[in-house]
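Asks: Note that the working numbering gives residue 137 to position 152 of the sequence shown, counting from 1, and the numbers run on in steps of one. Following this message is one structure expressed as structure tokens.
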Amino acid sequence: MQKLKNNKSLCLLIFLALFGFSIGVFDNYRELWMNANSLSTSTISHVISISCVVTVFVLFYFTIRVSANKLKWGICISLACNMITGTALICLNGSDNFFLIKFLMFFNIAFSQLILASVYPLMMNISKDDVVYTKKIFIESLFSKLGFLFVAMLLGKTIFHIFVDYNICLFLSVVFNFFALFLLVSIQINGRNTAKFNLQKTIRYFNKHKIFYFFLFVNFLGDMIWGAIFGMPMLLLTNNLDFSSNFASFLILGLGICSSFLSMIVVKYLRFDNEHKNFFVKFGIRLLLYVLVFITNSKLILFITLIYLLITDCLYGFIFGGYFINAIDEKYSLFLTTLKYCSSLLGKAVGTFFCGIVFHFNLRMFIIPALVISIIHYVFATFLIIKKENC
-14 MQKLKNNKSL
-4 CLLIFLALFG
6 FSIGVFDNYR
16 ELWMNANSLS
26 TSTISHVISI
36 SCVVTVFVLF
46 YFTIRVSANK
56 LKWGICISLA
66 CNMITGTALI
76 CLNGSDNFFL
86 IKFLMFFNIA
96 FSQLILASVY
106 PLMMNISKDD
116 VVYTKKIFIE
126 SLFSKLGFLF
136 VAMLLGKTIF
146 HIFVDYNICL
156 FLSVVFNFFA
166 LFLLVSIQIN
176 GRNTAKFNLQ
186 KTIRYFNKHK
196 IFYFFLFVNF
206 LGDMIWGAIF
216 GMPMLLLTNN
226 LDFSSNFASF
236 LILGLGICSS
246 FLSMIVVKYL
256 RFDNEHKNFF
266 VKFGIRLLLY
276 VLVFITNSKL
286 ILFITLIYLL
296 ITDCLYGFIF
306 GGYFINAIDE
316 KYSLFLTTLK
326 YCSSLLGKAV
336 GTFFCGIVFH
346 FNLRMFIIPA
356 LVISIIHYVF
366 ATFLIIKKEN
376 C
């Protein structure tokens, strides 16, 4: 046991596994929980969107003002607040206190996102190498999928005279958060000697290398498209396409796993030398599918589009992300990673807001935000590839 406690990197990975599992057991059913508590789809989209924006501001504060040595306790406080809001929401399930439900859910989402964004800087405080980031992504993805699979198999069943519904999923999330908090508190992190973050020097560096701003804008547009369609994935599949929550769960989970495995195959065997071809396979075909949905107004075409979106989620991620994270000066790489995460959250926030507005319109109207943003994204991304090739 003492040997395990001394291996801080391993302890943090176990913490991330527990927290990732808690994310998996509830986050995919979060909008269904809110919908079951009589919140409209537009209200749900607003709660998700605003929480993403607030997370960005808090994350910036963590990055600029909170030292690495204090980051652990910032995560602990966020995790404790996440548990408190989650427990309160369990008690409010089925009540008509809609304002309090929206208020608490808003912060519950923000705390979860803040923790996920802060784990990597905490791990870098212990060990700084490329392997750490790879392990972080793998553990987070694997255990969130395991948590999703766990509750997908139990949902709608009666276990020990307890009917497993969305509120039980929230309860299980709080339980695993408790174990994660207990482990994190027990980890002794003394921290590394790191230079104090200098905002003025960082701004000067980015102003000198404006291509990074361009990269962040393209990343923002990409996640805006995703949010415009998949801002509320379970509601989309159950309400608009009339699937059961169990089928929707296994569809998202199964295609997510396929996407992860295919990404490894693509990197090794299906990577084109021409980046424009790589980009077209992932985003160009998506754009063509959006056009087909708009023309046909067909649920079948929309379903095919959603399958392609999910199965290509992890594919060709190397087009922009890997290059720019490695191209930047090492002392600014962590900050760029934070900015990339923030731009993704902002993109998701704006996209989800649009998703809530058009959610109950016909499919032709529903796809318009994603279609318009995709055209803009494709144009800017093409220019970014050209600039990248000329660097």
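Glycine included, C-beta positions come from ideal geometry on N, C-alpha and C. Keep in mind that this is a model prediction, so the values were computed, not measured.
Taking 8 Å as the threshold, find out whether the stretch 340 to 350 comes into contact with the stretch 277 to 289 through three or more Cβ pairs.
Replies: yes
Asks: Is the CB-CB distance between C340 and M217 below 8 Å?
Replies: Within the sequence shown, residue 340 is the residue found at index 355, counting from 1. Within the sequence shown, residue 217 is the residue found at index 232, counting from 1. Yes, these two residues count as a Cβ contact at 8 Å.
Asks: How many angstroms separate the CA atom of Y363 from the CA atom of C76?
Replies: Locating residue 363 in the sequence shown gives position 378, where the first residue counts as 1. Locating residue 76 in the sequence shown gives position 91, where the first residue counts as 1. So the two alpha carbons sit approximately 46 Å from each other.
Asks: At which residue ranges does the stretch 19 to 82 contain complete alpha helix (DSSP H) runs of 4 or more residues, listed in the order of the chain?
Replies: 26 to 50 and 53 to 77
Asks: Residue range of the alpha helix (DSSP H) that D208 falls in?
Replies: The count along the sequence shown starts at 1 and reaches residue 208 at position 223. Where D208 is concerned, the enclosing alpha helix (DSSP H) stretches over I196 to F215.
Asks: Is DSSP giving T143 helix, strand or coil here?
Replies: Within the sequence shown, residue 143 is the residue found at index 158, counting from 1. In the structure shown, T143 adopts extended strand secondary structure according to DSSP, grouped into three states.
Asks: Within a Cβ cutoff of 8 Å, which residues of the same chain sit near T223, ignoring the five residues on either side of it in sequence?
Replies: Here residue 223 corresponds to residue number 238 of the sequence shown, with the count starting at 1. Only L17, S229, S230 and A233 meet the Cβ criterion.
Asks: Taking the alpha carbon of L321 as the reference point, which residue from L184, V276, I360 and F215 has its own alpha carbon closest?
Replies: By 1-based counting over the sequence shown, the position of residue 321 is 336. Of the candidates L184, V276, I360 and F215, the one whose C-alpha sits nearest the C-alpha of L321 is L184.
Asks: Who pairs with F148 in a beta bridge, going by DSSP?
Replies: The residue you call residue 148 lines up with position 163 of the sequence shown. Answer by DSSP bridge pairing, in chain order: T143.
Asks: To the nearest angstrom, how far is it from the Cα of L(-7) to the Cα of I270?
Replies: Along the sequence shown, read from residue 1 onward, the residue named residue -7 stands at position 8. Along the sequence shown, read from residue 1 onward, the residue named residue 270 stands at position 285. What sits at residue -7 in the sequence shown is Lys, not Leu. K(-7) and I270: Cα-Cα distance of roughly 44 Å.
Asks: Quick check on this structure: which residue in F156, F191 and N78 has the alpha carbon closest to the alpha carbon of L377?
Replies: Outside the displayed span of the chain (-14 to 376) sits residue 377, for which this structure offers no information.
Asks: In terms of alpha-carbon separation, which member of Y14, T367, Q98 and A102 lies closest to V149?
Replies: Residue 149 sits at position 164 when you count from the first residue of the sequence shown. That would be Y14, whose Cα lies nearest to the Cα of V149.
Asks: Could you tell me whether the stretch 155 to 165 touches the stretch 25 to 42, where touching means 3 or more Cβ pairs closer than 8 Å?
Replies: no
Asks: So, using beta-carbon positions, are L3 and F164 closer together than 8 Å?
Replies: Locating residue 3 in the sequence shown gives position 18, where the first residue counts as 1. Locating residue 164 in the sequence shown gives position 179, where the first residue counts as 1. Against a cut-off of 8 Å, the Cβ pair of F164 and L3 comes out as a contact.
Asks: In angstroms with no decimal places, state the Cα-to-Cα distance between M387 and L(-3).
Replies: The chain is shown only over -14 to 376; residue 387 falls outside these bounds and no answer can be derived.
Asks: Taking 8 Å as the cut-off, decide whether the C-beta atoms of I352 and F279 are in contact.
Replies: Looking up residue 352 in the sequence shown gives position 367. Looking up residue 279 in the sequence shown gives position 294. Yes; because the gap between Cβ atoms is below 8 Å, this pair is in contact.
Asks: Give the DSSP-derived three-state secondary structure of C299 in the structure shown.
Replies: Numbered from its first residue, the sequence shown carries residue 299 at position 314. Secondary structure of C299 (DSSP, three-state): coil.
Asks: Since S34 and T337 should fall inside the 8 Å C-beta cutoff, what is the C-beta to C-beta distance between them, to a whole number of angstroms?
Replies: Residue numbering aside, residue 34 sits at position 49 when the sequence shown is read from its first letter. Residue numbering aside, residue 337 sits at position 352 when the sequence shown is read from its first letter. Confirmed, Cβ separation roughly 5 Å.
Asks: If contact is defined by three or more beta carbon pairs under 8 Å, each pair taking one atom from either stretch, is the stretch 58 to 72 in contact with the stretch 252 to 263?
Replies: no
Asks: Quick one: grab the DSSP three-state call for M(-14).
Replies: Locating residue -14 in the sequence shown gives position 1, counting from the first residue. Here M(-14) scores only 48 on pLDDT, less than 50, and its place in the model is too uncertain to base an answer on.
Asks: For V203, count neighbouring Cβ atoms within 10 angstroms of its own Cβ and tell me buried if that reaches 16, exposed if not.
Replies: Along the sequence shown, read from residue 1 onward, the residue named residue 203 stands at position 218. Looking at its Cβ environment, which holds 16 or more other Cβ atoms inside 10 Å, V203 is buried.
Asks: Do the CB positions of N162 and M68 come within less than 8 Å of each other?
Replies: The residue labelled residue 162 in the question sits at position 177 within the sequence shown. The residue labelled residue 68 in the question sits at position 83 within the sequence shown. Cβ atoms of N162 and M68: closer than 8 Å.
Asks: Taking all protein chains shown into account, do 16 or more other C-beta atoms lie within 10 angstroms of the C-beta of L1, making it buried, or fewer, making it exposed?
Replies: Indexing the sequence shown from 1 puts residue 1 at position 16. Buried, by the Cβ-count rule.
Asks: Where do the N-terminal and C-terminal ends of the alpha helix (DSSP H) with S7 fall, by residue?
Replies: Numbered from its first residue, the sequence shown carries residue 7 at position 22. Counting along the chain, the alpha helix (DSSP H) containing S7 begins and ends at K(-7) to F11.
Asks: If you draw a straight line from the alpha carbon of I296 to that of F268, how long is it in whole angstroms?
Replies: Residue numbering aside, residue 296 sits at position 311 when the sequence shown is read from its first letter. Residue numbering aside, residue 268 sits at position 283 when the sequence shown is read from its first letter. When rounded, the distance between both Cα atoms is 12 Å.
Asks: Grab the span of the alpha helix (DSSP H) containing N192 for me, first residue to last.
Replies: As a first step, residue 192 must be located in the sequence shown, where it is residue number 207. Per DSSP, N192 belongs to the alpha helix (DSSP H) from L184 to K193.
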